[in-house]
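Student:
Residue numbers (this note's numbering), protein chains in the order written: chain D, 1 to 263; chain Z, 1 to 263; chain C, 1 to 263.
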């Protein structure tokens, strides 16, 4: 039995304590109750567009390539920022145009992009000024999940005009690369912005400050409590402590400089 | 493809760390695995019936109007409080009769109410004394989702006898209204019990203590860090800080008095 | 309408802040988007195999008996530990072979067990060394949910060789039993490893240190704030405070000794 509707995946900074995400799901189910909804995460730090962009770009590719991704981290809600939908070979993305799609746009070709100006696809009555997730993004996503093509949702826009965040760079060096911690996960693992491609063919080590950290294939290649550098599951160089917490051990944070040296 | 079963929406104070909510879902799926289940929230503060009532009343209306809402914040479990189901034009509500339906009952007409005394619709063997969510409310909800009418679930009761919480009032004044903070959300926004209808047609401001707070249409109408008053997405007067936290800025809490003055 | 696929239930220590669980769900949906997925809990303390075993054993029996349970608390990922699937009369269990199935194995008969060595059922390309939840356990679970029998997933193994945790014992005494706190829930209730069968027919009390705690049928049988001992909803002797927090009141923790005396 193949479902006829596309799946909807939701990412927000709303948390799950208040029923804001539930309101979005209710709106979607009220339009079509056969739509399957999956949570990506709702624990993006409040108004942290960069973290949202990182997580969305990390996870979308594991879903069916016609999935509708609704991403709402929206500090400019009710202001002048555009609300957009884009169609790509990796899925549909519905979001405020505030940089939240930066990571995705760096990975996929945008086939089509629209400014969500057609209120026929919004919730009635008129949208609130503070919750476009419920009043615009959720109903638009439900319609796309039902098969609505995005060109009817509003005015076509040039993908180049979509807003992109200025992210920290990873810079190649004579012996490897200099990058930075771009995310710390729940286990205290430090995920850098240095891609696997730079190191995967050779012996290498990582360096934070004056500390050199040997590379391994997996956490358990070393003793419990040892610092290790490895290629993480998302394809980035990662610093970890086997059965421990690298963030605390190293007192590292977002932006902490990490250098990789290939021997 | 229209599903034949009604959707079940769950609200509890169980949290998601322990698999209590999962046990309820397993019981529902064991009765009918085609039932779609949606979480409203499970992070109601432990045993806080007023918070549960507020959230349930805020969110139910976004769902299809035949949804089955199961709400379990139940400090009196195993004691003498009744377990009830009510049918309304806004959906079915299954819950302990302890005031948790106060907010919903203020908004919708109850068509029918029953005391859940018919054990044929409970989980077998006999219910535990401590977890009616799993043993009574979940199986009853599953049966209602399958189309069971509520009159077979137990003895009919008069809706007037359902327990209601004594909530703080919002009092009209010559120049506006005096109310109170009824909820603080994850962003630190202060949601009052002053309805939008009081202010929506005119210029107005809010006052907390001696501090006057100007009204705006949306958060971003002012500078970052500014205190603003606005109509929130649920239709209540709300105090916020643009890109900040009003609860911390004002050291406000539940019950803090808020006055609205129309100019 | 009966769904043709089995339900998949997920338990991990990944939390919901990072989209690791979402990646697993995306992989499952990419194999079969009609599979219904339910979360057991993702808030197992990081790498706490004993807590995972306790929760899984507490909850699996509420689900349909052909449910596929995927449990990933996996500090040894990428090392030499086996990845296994077992078929039982209570469902299918897919997990690392590190003791996480200890509780389940003590309750159900294992019909068949396999070492997950057949890479035809893994995600392509080759699995990461750090995230077998996404690359091996999730796709295997999706295939089992579609009806794949587990004998094709790898080499048959003897159930006796599955790793089991050495758990604290509950010891019978002349007048009852001596056991220990095996779990503290969100409400601060202390769940011991003393089974209901020991006490259910007589009058009894519990003792922690020199403090004697009377037994009741349910929390509300005593005044608010009173310490009580009762049979909890999972069938274990439990210590609670009516409308309060027994863990804080007693400064108890995992392993705290509890004695039960039958009068």
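Built from N, CA and C at the ideal position, the CB exists for glycine as well. Quick caveat, the model's predicted, so the values are computed rather than measured.
Can you pull the chain D neighbours of residue 14 of chain C, defined as C-beta to C-beta under 8 Å?
Tutor: As a first step, residue 14 of chain C is located in the third chain; it is residue number 14 there, counting from the start. Contact note: residue 14 of chain C reaches chain D through 186, using a C-beta cutoff of 8 Å and chain order.
Student: Look up residue 24 of chain C in the DSSP assignment and say whether it is helix, strand or coil.
Tutor: Position 24 of the third chain holds residue 24 of chain C. In this structure, residue 24 of chain C counts as helix in the three-state DSSP scheme.
Student: So the candidates are D/46, D/185, D/200, D/262; which of them puts its Cα closest to the Cα of residue 239 of chain D?
Tutor: Sequence index remark: in the first chain, residue 239 of chain D carries index 239 (1-based). Ranking the options by Cα distance to residue 239 of chain D, first place goes to D/185.
Student: Classify residue 30 of chain D as helix, strand or coil using the three-state DSSP reduction.
Tutor: Taking the first residue of the first chain as position 1, residue 30 of chain D is located at position 30. Residue 30 of chain D: helix per DSSP, three-state reduction.
Student: With 16 other CB atoms within 10 Å as the buried threshold, where does residue 250 of chain Z fall?
Tutor: Taking the second chain and counting its residues from 1, the one referred to as residue 250 of chain Z is at position 250. Result: buried.
Student: Which ranges would you report for the beta strand (DSSP E) in the segment 157-188 of chain D if only whole runs of at least 3 residues count?
Tutor: 171-173, 176-184
Student: Listed in chain order, which residues of the segment 75-86 of chain D have Cβ atoms closer than 9 Å to some Cβ of chain Z?
Tutor: So the close ones are 75, 76, 77, 78, 79, 80, 81.
Student: Quick one: using the 10 Å Cβ neighbour count with 16 as the cut-off for buried, is residue 224 of chain C buried or exposed?
Tutor: The residue labelled residue 224 of chain C in the question sits at position 224 within the third chain. By the 10 Å Cβ count, residue 224 of chain C comes out exposed.
Student: At the 8 Å Cβ level, is residue 7 of chain C part of the contact set with chain Z, yes or no?
Tutor: What you label residue 7 of chain C is simply residue 7 of the third chain in a count that begins at 1. Yes, its Cβ sits closer than 8 Å to a Cβ of chain Z.
Student: Please report the distance separating the alpha-carbon of residue 110 of chain C from that of residue 94 of chain C.
Tutor: Within the third chain, residue 110 of chain C is the residue found at index 110, counting from 1. Within the third chain, residue 94 of chain C is the residue found at index 94, counting from 1. Roughly 13 Å separates the two Cα atoms.
Student: Just the Cα atoms here: how many angstroms apart are residue 218 of chain Z and residue 8 of chain D?
Tutor: Stepping through the second chain from its first residue, residue 218 of chain Z is reached at position 218. Stepping through the first chain from its first residue, residue 8 of chain D is reached at position 8. Going from the Cα of residue 218 of chain Z to the Cα of residue 8 of chain D covers about 28 Å.
Student: Examine the Cβ distances between the segment 19-28 of chain Z and the segment 57-72 of chain C and report whether three or more of them are shorter than 8 Å.
Tutor: yes
Student: Helix or strand or just coil, what does DSSP make of residue 7 of chain D?
Tutor: The residue you call residue 7 of chain D lines up with position 7 of the first chain. Note: residue 7 of chain D maps to coil in three-state DSSP.
Student: Residues in its own chain within less than 8 Å of residue 196 of chain D by CB, not counting five upstream and five downstream?
Tutor: Locating residue 196 of chain D in the first chain gives position 196, counting from the first residue. Taken in chain order, the residues that qualify are 231, 235, 236, 237.
Student: Could you give the distance in angstroms between the alpha-carbon of residue 164 of chain C and the alpha-carbon of residue 84 of chain C?
Tutor: The residue labelled residue 164 of chain C in the question sits at position 164 within the third chain. The residue labelled residue 84 of chain C in the question sits at position 84 within the third chain. When rounded, the distance between both Cα atoms is 13 Å.
Student: Could one say the Cβ of residue 23 of chain C lies closer than 8 Å to chain D's Cβ atoms, at least one of them?
Tutor: Mapped onto the third chain, residue 23 of chain C falls at position 23. Yes, residue 23 of chain C counts as interfacial toward chain D.
Student: With 8 Å set as the bound, which would you pick, yes or no: does the beta-carbon of residue 130 of chain Z sit closer than that to a beta-carbon of chain C?
Tutor: Reading the second chain from its first residue, position 130 is the one you call residue 130 of chain Z. So yes, residue 130 of chain Z belongs to the interface.
Student: Is any beta-carbon of chain C found at less than 8 Å from that of residue 47 of chain Z?
Tutor: Position 47 of the second chain, counted from the first residue, corresponds to residue 47 of chain Z. For residue 47 of chain Z, the answer is yes, since a Cβ of chain C falls inside 8 Å of its Cβ.
Student: Which same chain residues, not among the five before or five after residue 135 of chain C, have their C-beta less than 7 Å away from its C-beta?
Tutor: Locating residue 135 of chain C in the third chain gives position 135, where the first residue counts as 1. Same-chain partners within the cutoff: 122, 123, 127, 128.
Student: For residue 212 of chain Z, which residues of its own chain have a beta-carbon under 7 Å away from its beta-carbon, when the five flanking residues on both sides are left out?
Tutor: As a working note, residue 212 of chain Z is residue 212 in the second chain. 205, listed in sequence order.
Student: At 8 Å on the CB atoms, spell out the chain D contacts of residue 145 of chain C, in chain order.
Tutor: Against the third chain, residue 145 of chain C aligns to sequence position 145. Residues of chain D passing the Cβ test: none, with the nearest at roughly 13 Å.
Student: Since residue 256 of chain Z and residue 208 of chain Z are thought to touch, with beta carbons under 8 Å apart, how far apart are those beta carbons, to the nearest angstrom?
Tutor: The residue you call residue 256 of chain Z lines up with position 256 of the second chain. The residue you call residue 208 of chain Z lines up with position 208 of the second chain. Right, their Cβ atoms sit about 7 Å apart.
Student: Apart from the five residues on each side of it in sequence, which residues of its chain come closer than 6 Å, Cβ to Cβ, to residue 20 of chain Z?
Tutor: Locating residue 20 of chain Z in the second chain gives position 20, counting from the first residue. 14.
Student: What do you get for residue 200 of chain Z, buried or exposed, if any count of 16 or more other CB atoms within 10 angstroms of its CB means buried?
Tutor: By 1-based counting over the second chain, the position of residue 200 of chain Z is 200. It is exposed - the Cβ of residue 200 of chain Z has fewer than 16 other Cβ atoms within 10 Å.
Student: Quick check on residue 260 of chain D: does DSSP put it in helix, strand or coil?
Tutor: By one-based count along the first chain, residue 260 of chain D stands at place 260. In this structure, residue 260 of chain D counts as strand in the three-state DSSP scheme.
Student: For the structure I just gave you, are there three or more beta carbon pairs, one from the segment 28-39 of chain C and one from the segment 45-58 of chain D, closer than 8 Å?
Tutor: no
Student: Taking its Cβ as the centre, do 16 or more other Cβ atoms sit within 10 Å of residue 169 of chain Z, making it buried, or is it exposed?
Tutor: Here residue 169 of chain Z is taken as the residue at index 169 of the second chain, counted from 1. Exposed is the call here.
Student: Among the residues of its own chain, which have a CB less than 8 Å from the CB of residue 152 of chain Z, if the five just before and after it don't count?
Tutor: For the purposes of this step, residue 152 of chain Z is identified with residue 152 of the second chain, where counting begins at 1. 118, 121, listed in sequence order.
Student: Does the beta carbon of residue 106 of chain C come closer than 8 Å to any beta carbon on chain Z?
Tutor: Indexing the third chain from 1 puts residue 106 of chain C at position 106. Output row for residue 106 of chain C: interface = no.
Student: Give me the residue from D/34, D/68, D/143, D/116 with the minimum Cα distance to residue 154 of chain D.
Tutor: On the first chain, residue 154 of chain D is found 154 positions in, with the first residue counted as 1. Comparing Cα positions, the closest option is D/116.
Student: Taking C-alpha atoms, which residue in D/215, D/101, D/203, D/228 lies nearest to residue 166 of chain D?
Tutor: Stepping through the first chain from its first residue, residue 166 of chain D is reached at position 166. Residue 166 of chain D has its Cα closest to that of D/101, out of D/215, D/101, D/203, D/228.
Student: Under 7 Å Cβ to Cβ from residue 73 of chain Z, same chain only, skipping five residues before and after it: list those, please.
Tutor: Within the second chain, the letter at position 73 stands for residue 73 of chain Z. Cβ within range, chain order: 12, 13, 44, 47, 48, 49, 52, 100.
Student: Once the 5 residues before and after residue 82 of chain Z are set aside, which same chain residues still bring their CB inside 6 Å of it?
Tutor: Within the second chain, numbered from 1, the residue matching residue 82 of chain Z stands at position 82. Counting only Cβ-Cβ distances below 6 Å, and skipping sequence neighbours, we find 97, 115.
Student: For residue 40 of chain Z, which residues in chain D fall below 8 Å Cβ to Cβ?
Tutor: Position 40 of the second chain, counting from 1, holds the residue named residue 40 of chain Z. Within chain D, the residues near residue 40 of chain Z are 19, 22.
Student: With a Cβ-Cβ cutoff of 8 Å, do residue 103 of chain C and residue 69 of chain C count as a contact?
Tutor: Your numbering for residue 103 of chain C matches position 103 in the third chain. Your numbering for residue 69 of chain C matches position 69 in the third chain. No, the pair does not count as a contact, with Cβ atoms beyond the cut-off.
Student: Give every residue of the same chain whose Cβ lies closer than 8 Å to the Cβ of residue 130 of chain C, excluding the five residues on either side of it in the sequence, and list them in chain order.
Tutor: By one-based count along the third chain, residue 130 of chain C stands at place 130. Answer for residue 130 of chain C: 77, 78, listed in chain order.
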